[in-house]
Amino acid sequence: MKNNKIIERIIWILLLAIVWELVVLTGRFSTLILPSLRSILHSLYLSISRGDLLAQIYFSMSIIIQGIIISLIIAMVLVFLSLFSKVFTSLLETIIAIAHPLPGIALLPLVILWMGAGRKAILFIIIHSVLWPLVLNLKTGFQSIPEVYKLIGKNYELNKLQIMIKILTPASLPYFLAGMKIGWARAWRALISAEMLFGAANSIGGLGWFIFEKRSFFDLPGVFAGIIVIVIIGILIEDFVFQSIENHTIKKWGMST
Amino acid sequence: MGYVHLSSYLEVKNIKKSYKVKDDHLKVINGLELKINRNEFVTIIGASGCGKSTLLKLIAGFIEPEEGQIDINNNKIKGASFERIMVFQEFDQLFPWRTILENVCFALKAKDLFGSKQKRIEVAKKYLKEVHLNNYLDYYPHQLSGGMKQRAALARSLVTKPSILLMDEPFGSLDSQTRQELQNLLLEIWYKEKNTVVFVTHDIKEAVILSDKIIVMDDQKGQIKEIIPNNLTRPRRPYENDFIELFQKLNQLI
Chain A
893 MKNNKIIERI IWILLLAIVW ELVVLTGRFS TLILPSLRSI LHSLYLSISR
943 GDLLAQIYFS MSIIIQGIII SLIIAMVLVF LSLFSKVFTS LLETIIAIAH
993 PLPGIALLPL VILWMGAGRK AILFIIIHSV LWPLVLNLKT GFQSIPEVYK
1043 LIGKNYELNK LQIMIKILTP ASLPYFLAGM KIGWARAWRA LISAEMLFGA
1093 ANSIGGLGWF IFEKRSFFDL PGVFAGIIVI VIIGILIEDF VFQSIENHTI
1143 KKWGMST
Chain B
224 MGYVHLSSYL EVKNIKKSYK VKDDHLKVIN GLELKINRNE FVTIIGASGC
274 GKSTLLKLIA GFIEPEEGQI DINNNKIKGA SFERIMVFQE FDQLFPWRTI
324 LENVCFALKA KDLFGSKQKR IEVAKKYLKE VHLNNYLDYY PHQLSGGMKQ
374 RAALARSLVT KPSILLMDEP FGSLDSQTRQ ELQNLLLEIW YKEKNTVVFV
424 THDIKEAVIL SDKIIVMDDQ KGQIKEIIPN NLTRPRRPYE NDFIELFQKL
474 NQLI
């Protein structure tokens, strides 16, 4: 993001915060339902300083990163295999057609029965959320690579694996990043929902569980504190992590579309 | 080396291949024969869709003929090879994610030449200097003009010292001044490196400036219409009488 855009953002957020406080100050709503910003920030401060919120962030982020790495490996293998076999490609396309439109959260009841309500189940949902958009985009990326690149690969006597690693993968990076962005967004949403449903069965529960638990105690400042953290992580990943990866790769190389 | 080659270096023997032109219309190269000597600079000209690019791809080994074979030094070629490197017309034949230097090093690395990275960089730099890109080593392709991209592609093709350089209208998308510059550069390099060059173009003037031998393709029969030796003294200037004479002769043939 450009600097003046960031400043614009901050100004709007401050204005909205002031409006919020003013509404609270009118006293028309119970502070149980609409807590003041002060109490929300206080709760946020307490949760962070006690360390329990950080532990929840760590738990959620570690699952999602693990899920994304596993998805990445599976996606590469699937797309690589589809380079070799038309039969496999046709099977893969069918599976994508079925699995891609299916929201991960719809699989929850099944996953609970199959793997119980633990970390494994959440991981499964995340992989489901990331894998298909990633495979789909990688496939599209590979298909839209200029013919010349492949001919050059042949000309320099590279084998299929070398062509995949040295040429097809970097050449399809714009599609790969687009797939990762969709995958991340889906996984992040699925993760929070799954954590709320699974709770702290075998673990500390994660961010989703954090806000759900606060709700049980009617600790609304705590709920809002959790929501703020979820929003901030979302913004950091989408606007900063992905942005800076793009700036250092496809933007720098003039490949962004 | 002073000895006489009894047979030609590159021989295209009775090739048959069907191919599609732009409107999905099927055409055929039918029983094409061609002989090219070592170190010769040959251009292939003909109307668009006459099969000249297809012929070049066959020689490169990117595609296989339905009948016939292509020999180099009396050995039948199989598939693509470092020995026959193609330079394309497309500006995006350089990898956009690699700098100009890295693009040239790619070729050396692929052929696994010179052992160390240090040495490869050194050799790549030398070739980039020959194409006057020594000040652009760390630029990415999208930062360069079309002419500079083609020069970098030329450096990448030459750096592995292929015995045959196949060029598919490499200067076809350039403005006429840049094209002239690159033609001169190519000749300069060819005098030094002495590769065998097979150069496809639809520009008659380009063919007359560059080559020792001009092959005119017949787009109806899918064969060679005529082979015209070009013995004009170099450097060739388009305003000289014998240049104009040859140009007009070719113009009538196409």
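Line by line, the protein sequences are chains A and B. Residues in the first sequence are numbered consecutively from 893, following the working numbering. Residues in the second sequence are numbered consecutively from 224, following the working numbering. We treat Cβ as the ideally placed atom computed from N, Cα and C, and that holds for glycine.
Using C-beta distances below 6 Å, list every residue in its chain close to residue i, excluding the 5 sequence neighbours before and after it, in chain order.
i	result
residue 370/B	397 and 401
residue 980/A	973 and 974
residue 452/B	436
residue 294/B	234
residue 289/B	239 and 240
residue 258/B	231 and 234
residue 469/B	431
List the endpoints of the continuous alpha helix (DSSP H) containing residue i.
i	result
residue 1007/A	1000-1007
residue 916/A	895-917
residue 1122/A	1112-1127
residue 291/B	Careful: residue 291/B lies outside any alpha helix (DSSP H), inside the beta strand (DSSP E) at 290-295.
residue 355/B	No alpha helix (DSSP H) contains residue 355/B, which DSSP labels as neither H nor E.
For residue i, which option in the options has the closest C-alpha, if you only look at C-alpha atoms?
i	options	result
residue 1099/A	984/A, 978/A and 940/A	940/A
residue 1096/A	949/A, 1108/A and 1056/A	949/A
residue 1129/A	1080/A, 1005/A and 1101/A	1080/A
residue 1064/A	960/A, 1027/A and 1115/A	1027/A
residue 454/B	245/B, 431/B and 342/B	431/B
residue 477/B	428/B, 463/B, 456/B and 462/B	428/B
residue 472/B	364/B, 404/B and 450/B	450/B
residue 411/B	425/B, 458/B and 316/B	458/B
residue 404/B	416/B, 374/B, 300/B and 414/B	374/B
residue 936/A	1119/A, 1140/A, 1008/A and 925/A	1119/A
residue 1122/A	922/A, 1066/A, 906/A and 953/A	953/A
residue 995/A	1075/A, 894/A and 1141/A	1075/A
residue 354/B	336/B, 287/B and 380/B	380/B
residue 439/B	278/B, 418/B and 347/B	278/B
How far does the beta strand (DSSP E) with residue i in it reach, from first residue to last?
i	result
residue 254/B	249-259
residue 307/B	307-310
residue 388/B	387-391
residue 246/B	Neither: residue 246/B is in no beta strand (DSSP E) and is coded neither H nor E.
residue 456/B	Element bounds for residue 456/B: n/a, residue is neither H nor E.
residue 442/B	Where residue 442/B is concerned, there is no enclosing beta strand (DSSP E), given that its DSSP letter is neither H nor E.
residue 421/B	419-423
residue 923/A	No beta strand (DSSP E) holds residue 923/A; DSSP gives it neither H nor E.
residue 265/B	264-268
Would you kindly check if the distance between the Cβ of residue j and the Cβ of residue i is under 7 Å?
i	j	result
residue 1215/A	residue 1086/A	Nothing in the structure corresponds to residue 1215/A, since chain A is present only between 893 and 1149.
residue 420/B	residue 392/B	no
residue 260/B	residue 231/B	yes
residue 382/B	residue 333/B	no
residue 1031/A	residue 971/A	yes
residue 1151/A	residue 957/A	Nothing about residue 1151/A can be reported from this structure: the residues present for chain A run from 893 to 1149 only.
residue 445/B	residue 251/B	yes
residue 378/B	residue 1046/A	no
residue 249/B	residue 243/B	yes
residue 1116/A	residue 932/A	yes
residue 351/B	residue 358/B	no
residue 904/A	residue 929/A	no
residue 314/B	residue 326/B	no
residue 275/B	residue 269/B	yes
residue 362/B	residue 323/B	yes
residue 1101/A	residue 1091/A	yes
residue 305/B	residue 1040/A	no
residue 409/B	residue 266/B	no
residue 365/B	residue 1033/A	no
residue 307/B	residue 255/B	no
With a threshold of 7 Å on Cβ separation, who are the neighbours of residue i within its own chain once the five nearest residues in sequence on each side are excluded?
i	result
residue 460/B	466
residue 1050/A	1058
residue 1151/A	Since the first residue of chain A shown is 893 and the last is 1149, residue 1151/A is not available in this structure.
residue 321/B	329
Spatial neighbours of residue i within its chain, please: CB distance less than 8 Å, with the 5 preceding and 5 following residues excluded, ordered by chain position.
i	result
residue 955/A	1011, 1014, 1015, 1018, 1083 and 1098
residue 992/A	1024, 1025 and 1028
residue 228/B	Residue placement at residue 228/B is poorly supported in this model, since its pLDDT is 49, which falls under 50; the coordinates still yield a value, given next. Answer for residue 228/B: 260 and 261, listed in chain order.
residue 344/B	324 and 328
residue 934/A	1113
- prompt: Taking Cβ-Cβ distances below 7 Å as the criterion, which residues of the stretch 1046-1057 of chain A are in contact with chain B?
  reply: 1046, 1047, 1048, 1049 and 1050
field: Interface positions of the stretch 363-381 of chain B facing chain A (Cβ-Cβ less than 8 Å), listed along the chain
entry: 363, 364, 365 and 366
query: Using a beta-carbon distance cut-off of less than 9 Å, what residues from the stretch 1055-1080 of chain A approach chain B?
result: 1058, 1059, 1062, 1063 and 1065
field: chain A contacts from the stretch 276-304 of chain B (Cβ-Cβ distance under 9 Å)
entry: 280, 283, 284, 285, 302, 303 and 304
- request: Determine which residues of the stretch 327-344 of chain B have a Cβ less than 8 Å from any Cβ of chain A, and write them out in chain order.
  value: 329, 330, 333 and 334
- request: Taking a Cβ distance cut-off of 8 Å, strictly less, list which residues of the stretch 1010-1043 of chain A are near chain B, in chain order.
  value: 1038, 1040, 1041 and 1043
message: So if I threshold CB-CB distances at 9 Å, which residues from the stretch 982-1009 of chain A count as touching chain B?
response: none
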